[in-house]
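Numbering (numbering that gives the first Met the number 0), first residue to last: 0 to 325.
Each residue gets a CB set at the ideal place from its N, CA and C atoms; glycine is no exception.
Report on the structure given below.
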Amino acid sequence: MARVFSGIQPSGTLHLGNYLGALQRFVQRQEVDDAYYCIVDLHALTLEISPDVLRQATLDTAALFLAAGIDPDRCVLFVQSHVAEHAQLAWLLECTASYGELLRMTQFKDKGQGREQVRSSLLTYPVLMAADVLLYDTDMVPVGDDQRQHLELARNLAERFNHRYGETFVVPEADIPEIGARIMDLQLPTKKMSKSTSSPQGLIALSDPPADIERKFRRAVTDSETEVRYDLEHKPGVSNLLEILAAATGGDPAALAPGFSSYGQLKQAAADAVIELFAPVRARYAELVADPGVVADALRKGAEKAEATAAPTLARAQRAMGLLSA
Ligand code: TYM
0 MARVFSGIQP
10 SGTLHLGNYL
20 GALQRFVQRQ
30 EVDDAYYCIV
40 DLHALTLEIS
50 PDVLRQATLD
60 TAALFLAAGI
70 DPDRCVLFVQ
80 SHVAEHAQLA
90 WLLECTASYG
100 ELLRMTQFKD
110 KGQGREQVRS
120 SLLTYPVLMA
130 ADVLLYDTDM
140 VPVGDDQRQH
150 LELARNLAER
160 FNHRYGETFV
170 VPEADIPEIG
180 ARIMDLQLPT
190 KKMSKSTSSP
200 QGLIALSDPP
210 ADIERKFRRA
220 VTDSETEVRY
230 DLEHKPGVSN
240 LLEILAAATG
250 GDPAALAPGF
260 SSYGQLKQAA
270 ADAVIELFAP
280 VRARYAELVA
290 DPGVVADALR
300 KGAEKAEATA
310 APTLARAQRA
320 MGLLSA
C-alpha cells in the first residue's frame, strides 16, 4: 500500500479543476492506498483573507470533501493547523532551502505580481508544502499540473536533507493524471481555471446550481471553425471541453471528438456530465451543512491520527539536525 498525501486550500468554493485534478482522485485512492488529506489553512494565510472567511471556508471545504465521498474511516482527513508539526518542520526545511530557489517558483511570481504588499510567507509557502508532504513519509502526491514545480522542490529538499544529515525523509513522487490535470477557464481557455484569476463565467464552482453550469458551458469560448477536434495548441477551447467530458466520464478526449458534429452538442454533453457528477455532491453537502457536528467530529479524529504519524518524523529530523531532545 502506498502512502498518499495531498492538500487543498480552503476556499469556500472548490471548482471543477480542483475536483477533476484532485478531489475525484483522492476519493479513488482512499480505496487502495493509505491516504492522508489535508485542508491547508496555513497556506491560505499567504494572501489576505479575513478571519471569519477563513473559518467558514475551512468548514465548508471539509464538508465538500465528505460530500465528494472522502470517508474518514478509509483515510485521514484533517486541518493543517491542528497538527503543529507542519509549521515546525517547515522551519527546519527553510534552513535547508535557498532564497534563490524559492524566487524561481512560478506561482510566487504569478501570485505576487501587481500586489503592493507581498507576505513573506508567499515566498516560503512551497517549503511549508514540502513539510506537509515529508511529515507523512509520503510515496505519492496526487495533484494537478500547477503543483509540479512545488513537488519538484519537495523532492529536492528531501534529497538535500538526507544527503546532509543522513536518511530521514522518503522522497515523494507527484501523481499528475494525463487527463484533467489542467482544466482551463471557460472564457479564457489558454489560462487555467483558478479561484483567484478566473471570472465567475469562466469558472464552474462545485456549489453552482445546474442551470448556471449549463449556461456557463453554453457560453464557453471556442473558435470560429466548426470541427470538433482534440488539438490543444490550435483549439484550446474545444479541447478543454473534450478534456472536461473525458475526465468526468472516464473517457479519452481525442477518442470522444468524432462523436460530435457541432460545438453545441459537445457543450451540452460536457454540461450534462458535470451536472450529473456534481448532483450527489450537492445533495450530500446540503445535509452536512445542516449537521455541522459530523464535520467537526471527523476533523478532530483526523488530527489525532495525523499527529501520531507526523510527530516521529519531526523528531527524527530534529535529531538529525542536532537539536537536543527536550
Ligand atoms: P490548490 O488549493 O490551489 O488546489 C488544490 C488541487 O487542485 C488542483 N487544481 C487543478 N487541477 C486541474 N485543473 C485546474 N485548473 C486546477 N486548479 C487547481 C491543484 O493542482 C491541487 O492539486 N499548494 C497546493 C496545496 C497544498 C498541497 C500540499 C498539495 C499544500 N500542501 C501538499 C499537495 C501536497 C495548492 O495551493 O493547491
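Close Cβ partners of residue i (< 6 Å) along its chain, the five nearest in sequence each way excluded
i: K304; result: V75
i: R336; result: With the chain running from 0 to 325 in the structure shown, residue 336 is simply not present.
i: E213; result: A270
i: L92; result: V126, A129, A130, L156
i: T235; result: Contrary to the premise, residue 235 reads as Pro rather than Thr in this sequence. P188, T189, listed in sequence order.
i: S326; result: Outside the displayed span of the chain (0 to 325) sits residue 326, for which this structure offers no information.
i: L347; result: Shown here, the chain extends from 0 to 325; a query on residue 347 therefore has no answer.
i: I274; result: P209, I212
i: T308; result: Y135
C-alpha distance - residue i paired with residue j, whole-angstrom precision
i: Q55; j: V288; result: 11 Å
i: A319; j: G165; result: 7 Å
i: M0; j: A219; result: 41 Å
i: L88; j: P208; result: 41 Å
i: A96; j: F259; result: 50 Å
i: T12; j: A247; result: 19 Å
i: K110; j: K194; result: 12 Å
i: L19; j: V237; result: 17 Å
i: G143; j: A180; result: 4 Å
i: R114; j: L122; result: 13 Å
i: T225; j: Y124; result: 44 Å
i: G99; j: L152; result: 12 Å
i: V293; j: Q29; result: 19 Å
i: W90; j: F77; result: 21 Å
i: I175; j: V39; result: 19 Å
i: L101; j: E306; result: 28 Å
i: G63; j: L298; result: With the sequence shown as reference, residue 63 is identified as Leu, and Gly is not the correct amino acid for it. Those two C-alpha atoms are separated by around 13 Å.
i: P50; j: A310; result: 28 Å
i: V280; j: T196; result: 25 Å
i: L22; j: G321; result: 39 Å
i: E286; j: G16; result: 24 Å
i: Q336; j: E47; result: What is shown of the chain runs 0 to 325, which leaves residue 336 out entirely.
i: R24; j: R163; result: 35 Å
i: P252; j: Q317; result: 48 Å
i: R73; j: M192; result: 30 Å
i: D290; j: D222; result: 46 Å
i: A325; j: K300; result: 27 Å
i: A272; j: A295; result: 32 Å
i: H14; j: T60; result: 11 Å
i: A204; j: A173; result: 25 Å
i: M183; j: T57; result: 25 Å
Extent of the continuous beta strand (DSSP E) to which residue i belongs
i: E172; result: 172 to 174
i: S120; result: Taken as a continuous stretch (DSSP letters only), S120 belongs to no beta strand (DSSP E), being part of the alpha helix (DSSP H) at 119 to 133.
i: G6; result: 2 to 7
i: M183; result: Where M183 is concerned, there is no enclosing beta strand (DSSP E), given that its DSSP letter is neither H nor E.
i: V140; result: 139 to 141
Contacts around residue i, its chain only, beta-carbon distance under 7 Å, and the 5 residues preceding and following it disregarded
i: Q186; result: S198, Q200, G201, V220
i: F168; result: L133, A157, F160, N161
i: A269; result: F216, L240, I243, L244
i: A302; result: F77, V78, H81, V82
i: L313; result: E84, Q87, L88, L134
i: Q267; result: none
i: Y284; result: A62, L63, A66
i: D230; result: S238
i: A256; result: V227, R228, Y229, L241
Element boundaries [alpha helix (DSSP H), containing residue i]
i: M320; result: 291 to 320
i: F259; result: Unbroken run through F259: none, as it is neither H nor E.
i: I212; result: 209 to 217
i: V237; result: 235 to 248
i: R154; result: 147 to 164
i: T225; result: First-last for T225: undefined, no H or E at that position.
i: H81; result: Unbroken run through H81: none, as it is neither H nor E.
i: D109; result: 105 to 111
i: E115; result: Neither: E115 is in no alpha helix (DSSP H) and is coded neither H nor E.
i: E100; result: 98 to 102
Nonlocal neighbours in the same chain, by C-beta distance under 8 Å from residue i, ignoring five residues either side
i: P171; result: F4, V132, L133, T137, D138, M139, V140, L150, A153, R154, A157
i: H42; result: G6, Q8, Q79, Y124, L127, M128
i: I178; result: E242, A245, A246, D251, P252
Closer than 8 Å to chain D by CB, residue i
i: A269; result: Structure shown: chain D not included; a single protein chain is present.
* To do: Would you check if there are 3 or more beta carbon pairs closer than 8 Å linking the segment 60 to 69 to the segment 125 to 144?
  => As far as the Cβ criterion goes, the segment 60 to 69 does not touch the segment 125 to 144, which means the pair count is below three.
* Whole alpha helix (DSSP H) elements within the segment 31 to 74, 4-residue minimum -> 40 to 43, 50 to 67, all fully within the segment 31 to 74.
* Decide if the segment 29 to 37 is in contact with the segment 249 to 265; the criterion is three or more beta carbon pairs, one per stretch, under 8 Å apart. => The answer is no - the segment 249 to 265 does not touch the segment 29 to 37, with fewer than three Cβ pairs under 8 Å.
* To do: Mind the definition here: the segment 102 to 117 touches the segment 134 to 150 only if three or more C-beta pairs lie below 8 Å; say whether that holds.
  => Judged by Cβ distances under 8 Å, the segment 102 to 117 makes contact with the segment 134 to 150, as three or more pairs qualify.
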